[in-house]
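Student: Right, I'll just put the structure down here and ask away after.
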Amino acid sequence: MYILPRNQVPALTAALAEDYDLYGPVLRPGGGDPMFERAADPAAIRMDAAISYNPPKSAVFPQAERILSYRYDRESREAVLVRDDLVRPKALVGIRACDLTGLLCLDRFYLGQEYVDEVYRDHRKKMFIVANTCVRPFPQCFCVCTDSGPAPREGFDVALTGVGDDYLFETGSEKGEALARKLGLKEAGPDAAALKAKTVDESIARFDAEATENKAWISRVMNRITMGFIGNDVWEYIGDQCFECGACSFVCPTCSCFNIEDVNTRDGMTDRMRSWDSCSFEGYTRMAGDHNPRKPVEDRRNKRFFCKLSFSQSKKYLRPGCVGCGRCARVCPGDIGLPNVVTYIRREITKAGAK
Amino acid sequence: MSGSNAGAIVTVPEIAVIDEVREEIEDVRTFFFSFEKPEIAKSFRIKSGQFVMCTVFGAGEFAVSLPFSPEGDRPHLSVRQVGKVTRALHELKAGDKIGLRGPFGNGFPFEAIRGKNVIYVAGGIGLIPLRSSIVHVLQHRQDFGRILLIYGSKSSQELMYRDMIAKWQATEGFETYITIDRPEPGWKGQVGFVHTLVGPAKVPVENTIAFVCGPPLMFNSVIKELLAAGLKDDAIVSTLERHMKCGIGKCQHCAIGRTLVCTDGPVYTYRQIKTLGEQI
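Chains as they are written, first to last, in the working numbering: chain U, 7 to 361; chain B, 38 to 317.
In structure tokens form, the structure reads like this:
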């Protein structure tokens with residue numbers, strides 16, 4: 007472990023900017039939640055910013071991207087297909103434990119199943135990750151319920167933990183070590199690990215009083231969701247509040263469904279575009295010829311929570327699909343962010359138990 | 038049902054040339070194709086029951102079952118025009134090119150059913166995905182017991198692969214029961230829905246596997262008849278259809294229950310289908 011003085015953060019981002027495009031929490035003029043986005047100016051990334059409005063997902067899974075392009079000449083009947091890898095090396099700086107866990111879920115899903123998603127792999131393979139321990143929670147947070155925070159545990163090159171005027175600079179890879187050497191950081195003292203543990207413990211202790219917006223004791227409901235032991239009236243109650251806007255999917259660090267459409271461009275090429283999709287949209291399962299096996303909204307809503315909280319889906323993520331960031335609850339125009347859904351289901355369990 | 042698809046064309050489609058287009062029934066055409074690159078033509082190996090993602094250049098990509106046998110059968114796709122991309126496909130002529138990715142999916146069991154009686158029950162264009170298995174099993178006729186095809190469509194003009202069926206009927210020991218929904222002048226075969234033939238066909242029950250494919254209503258009534266005849270739910274196999282975008286288990290459009298049709302299916306036993314908890 008090393009010591010990075012807080013005022014040396016700009017040196018860290020500047021060093022990374024030599025080799026990587028930087029992504030991180032960027033404050034917006036006029037205030038409000040920071041956005042996790044590409045920072046043209048390395049100094050714009052703020053390690054002390056609040057949890058970002060959006061997850062870092064779009065750095066590895068852009069909202070819309072070309073995955074193939076081709077030209078087909080109808081006269082000569084010549085077809086030329088091109089899949090170019092234009093992805094530049096990226097550094098995610100200031101990623102929080104919940105979001106890093108979400109990223110690892112995406113890795114396991116896109117790279118760890120029968121097939122590898124080559125497009126995702128291109129985004130992911132040249133990446134540097136600087137994670138940030140949450141030394142105190144935000145009101146929306148419930149990562150302690152989902153076992154995904156407040157400190158990053160794996161998948162980082164560097165993890166920072168703010169202590170006084172310094173960051174504890176922990177390396178998780180050879181790349182991280184190289185950066186420590188490049189910055190000329192001084193080694194932390196023998197009590198650094200204990201200091202970090204104490205800082206994390208203090209953060210966890212604050213959740214009760216400070217992270218008051220959401221609680222989601224998901225372990226109680228995972229079995230129910232997996233086995234389908236949830237009354238349809240519960241799903242209907244949830245479905246009645248769904249606006250089918252897809253916002254929960256778009257701000258979720260682990261939602262990764264996509265659509266693919268071929269788009270003819272003005273220069274005679276065709277771009278195969280993939281873009282975010284959401285299982286809350288009615289057209290999601292509609293087939294050509296208008297057969298749609300999923301119709302009522304509650305039928306579609308329970309699929310999303312099945313995806314986040316069932317054992318079968320957890321096998322793909324090697325953990326539950328919810329990382330406790332609380333974003334879905336903030337953006338939902340109804341009142342069915344994941345923590346509330348868990349509460350509705352738990353209430354149902356309690357009711358059933360009382361009978 | 039599971040299987041691995043080493044060697045599948047995953048991301049960038051391979052180019053195939055349409056060699057011949059054949060009218061089948063209204064809105065359904067068969068497109069015979071061969072891969073442009075000889076090495077792909079050689080390495081492209083399928084199992085019956087698998088599917089490919091077919092690119093119609095300038096229009097898009099769609100999932101489609103493979104109707105040809107894995108052994109010595111001319112590669113082709115039989116496609117109904119039903120949406121934007123399949124309509125664009127229907128405009129193509131011999132010499133035009135398409136893109137193909139795949140093959141994907143688990144496929145029908147073959148080795149596991151050697152020695153068994155085999156029943157095929159199809160409705161309408163549900164015969165297309167079963168064709169591959171039928172031809173494959175007939176190519177190994179001596180390895181199987183009774184082989185039955187119970188097939189029906191709305192009218193005689195809407196029966197798929199009529200020439201093929203005529204050839205199959207000439208195959209010794211291949212029993213066919215063909216029906217149309219309503220009587221027609223000149224029609225000498227059966228009249229009525231497909232499931233009504235399951236009883237009269239006196240289907241075998243012991244050491245038997247049944248493949249069923251067709252529209253949901255037909256599927257449900259056929260299943261009822263097969264179960265009533267005594268078949269076990271894991272001796273009934275079907276192939277499911279879903280909206281698909283990627284074919285490789287990532288886009289998740291084809292999620293049904295806890296499975297994905299593209300990688301866990303498209304072939305499921307009825308025992309599995311019952312536990313999916315969704316409409317087929």
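Cβ coordinates follow ideal geometry from the N, Cα and C atoms, glycine included. Since we're looking at a predicted model, the values are computed, not measured.
Could you tell me the alpha carbon to alpha carbon distance between Arg325 (chain U) and Arg295 (chain B), rounded to whole angstroms?
Tutor: Going by the C-alpha atoms only, they are around 16 Å apart.
Student: What residues in the region 117-151 of chain U have a beta carbon less than 7 Å from any beta carbon of chain B?
Tutor: Flagged, chain order: Gln119, Glu120, Tyr121, Asp123, Glu124.
Student: Against Thr276 (chain U), what residues of chain B qualify as contacts under a CB-to-CB distance less than 8 Å, listed in chain order?
Tutor: Going along chain B in sequence order, the residues near Thr276 (chain U) (Cβ under 8 Å) are Phe94, Gly95.
Student: For Asn346 (chain U), which residues in chain B fall below 9 Å Cβ to Cβ?
Tutor: Residues of chain B passing the Cβ test: none, with the nearest at roughly 23 Å.
Student: Can you give me the start and stop residues for the alpha helix (DSSP H) that Pro75 (chain B) sits inside?
Tutor: Residues 75-80.
Student: Going by Cα to Cα distance, which pick from B:Pro166, B:Ser169, B:Glu315, B:Phe248 is closest to Val155 (chain B)?
Tutor: Here the closest residue by C-alpha is B:Phe248.
Student: Where does Arg1 (chain B) fall in DSSP's three states?
Tutor: In the structure as shown, chain B starts at 38 and stops at 317, and residue 1 (chain B) therefore has no counterpart that could be examined.
Student: Taking Ala78 (chain B) as the reference, give the member of B:Asp64, B:Glu61, B:Gly44, B:Val93 with the closest Cα.
Tutor: Considering only alpha carbons, the answer is B:Gly44.
Student: Can you tell me whether Gln118 (chain B) is helix, strand or coil according to DSSP?
Tutor: Three-state DSSP puts Gln118 (chain B) in coil, outside helix and strand.
Student: Note down, in chain order, each residue of its chain lying with its Cβ closer than 8 Å to the Cβ of Glu315 (chain B), except the 5 sequence neighbours on either side.
Tutor: Around Glu315 (chain B): Ile293, Gly294.
Student: Please determine if the region 220-234 of chain U and the region 298-317 of chain U are in contact, where contact requires at least 3 C-beta pairs separated by less than 8 Å.
Tutor: In short, these stretches touch, since the Cβ pair count reaches three.
Student: Take the Cβ of Ser39 (chain B) as the centre, count every other Cβ of all protein chains shown within 10 Å, and call the residue buried at 16 or more, exposed below.
Tutor: Caution is warranted here: a pLDDT of 44 is assigned to Ser39 (chain B), below 50, making its placement in the model unreliable, and no coordinate value can be reported.
Student: Please go through the same chain and pick out, in chain order, the residues whose beta-carbon is closer than 6 Å to the beta-carbon of Arg12 (chain U), but skip the five residues on each side of it.
Tutor: Taken in chain order, the residues that qualify are Asp171.
Student: Hey, is the region 182-200 of chain U in contact with the region 141-151 of chain U, meaning 3+ C-beta pairs nearer than 8 Å?
Tutor: No, they do not touch.
Student: Under a CB-based cut-off of 8 Å, is Val58 (chain B) close to chain U?
Tutor: No, its Cβ sits nowhere closer than 8 Å to a Cβ of chain U.
Student: Closest to Thr205 (chain U) by CA distance: which of U:Ile231, U:Met233, U:Thr167, U:Thr177 is it?
Tutor: If we check each option's Cα against that of Thr205 (chain U), U:Thr167 comes out closest.
Student: From what residue to what residue does the beta strand (DSSP E) around Ala21 (chain U) run?
Tutor: Taken as a continuous stretch (DSSP letters only), Ala21 (chain U) belongs to no beta strand (DSSP E), being part of the alpha helix (DSSP H) at 15-23.
Student: For the beta strand (DSSP E) holding Pro11 (chain U), just list the boundary residues, first then last.
Tutor: Run containing Pro11 (chain U): 8-11, per the beta strand (DSSP E) assignment.
Student: With a threshold of 8 Å on Cβ separation, who are the neighbours of Phe235 (chain U) within its own chain once the five nearest residues in sequence on each side are excluded?
Tutor: Closer than 8 Å at Cβ, skipping near neighbours: Asn229.
Student: Could you give the distance in angstroms between the alpha-carbon of Met298 (chain B) and the alpha-carbon of Asp163 (chain U)?
Tutor: The question names Met, yet the displayed sequence has Val at residue 298 (chain B). Straight-line Cα distance between these residues: approximately 37 Å.
Student: Near Thr19 (chain U), which residues of its chain fall below 7 Å by C-beta distance, leaving aside the five closest residues on each side in sequence?
Tutor: These residues qualify, in order along the chain: Leu28, Pro48, Ala49, Ile51, Val99.
Student: Considering Lys204 (chain U), what are the terminal residues of the beta strand (DSSP E) in which it resides?
Tutor: Note, Lys204 (chain U): premise wrong, no beta strand (DSSP E); alpha helix (DSSP H) at 198-216.
Student: Evaluate Ile55 (chain B) with the Cβ neighbour count: other Cβ atoms within 10 Å of its Cβ, from every protein chain shown; 16 or more gives buried, anything less gives exposed.
Tutor: Buried.
Student: Are the C-beta of Cys288 (chain B) and some C-beta of chain U separated by less than 8 Å?
Tutor: Cys288 (chain B) counts as touching chain U.
Student: Helix, strand or coil for Val298 (chain B)? Go by DSSP, reduced to three states.
Tutor: Val298 (chain B): coil per DSSP, three-state reduction.
Student: Determine, using beta carbons only, whether Gly343 (chain U) and Phe287 (chain U) come nearer to each other than 8 Å.
Tutor: No, the pair does not count as a contact, with Cβ atoms beyond the cut-off.
Student: In whole angstroms, give me the CA-to-CA distance for Gln119 (chain U) and Cys283 (chain B).
Tutor: Taking the straight line joining both Cα atoms gives about 14 Å.
Student: How about Gln309 (chain B): is its C-beta nearer than 8 Å to some C-beta of chain U?
Tutor: So no, Gln309 (chain B) is outside the interface.
Student: In terms of residue numbering, what span does the beta strand (DSSP E) encompassing Phe248 (chain B) cover?
Tutor: 245-250 is the span of the beta strand (DSSP E), which, as asked, contains Phe248 (chain B).
Student: To be precise: take each residue of the region 240-272 of chain U, compare its Cβ to all Cβ atoms of chain B, and keep it if any distance is under 7 Å. Which residues remain?
Tutor: Taking 7 Å as the Cβ-Cβ cut-off against chain B, the residues of the region 240-272 of chain U that qualify are Cys263, Phe264, Asn265, Ile266, Glu267, Asp268, Asn270.
Student: Strictly under 8 Å for the Cβ-Cβ distance: is Ala294 (chain U) near chain B by that measure?
Tutor: Output row for Ala294 (chain U): interface = yes.
Student: Tell me which residues of the region 56-85 of chain U have at least one Cβ-Cβ distance to chain B shorter than 7 Å, keeping chain order.
Tutor: If the cut-off is 7 Å between Cβ atoms, the region 56-85 of chain U has Leu74, Tyr76, Tyr78, Arg83, Ala85 near chain B.
Student: Quick one: which unbroken beta strand (DSSP E) runs of 3-plus residues sit fully inside the region 99-153 of chain U? Chain order, please.
Tutor: 133-138, all fully within the region 99-153 of chain U.
Student: Counting only Cβ-Cβ distances shorter than 8 Å, please list the residues of the region 131-148 of chain B near chain U, keeping chain order.
Tutor: For the region 131-148 of chain B, which is checked against every Cβ of chain U, the residues closer than 8 Å are Gly132, Asp133, Lys134, Gly136.
Student: Is the beta carbon of Val174 (chain B) sitting closer than 8 Å to the one on Ile184 (chain B)?
Tutor: Cβ atoms of Val174 (chain B) and Ile184 (chain B): closer than 8 Å.
Student: Since Gln87 (chain B) sits in a beta bridge, which residues does DSSP pair it with?
Tutor: Its beta-bridge partners do not exist; DSSP assigns none.
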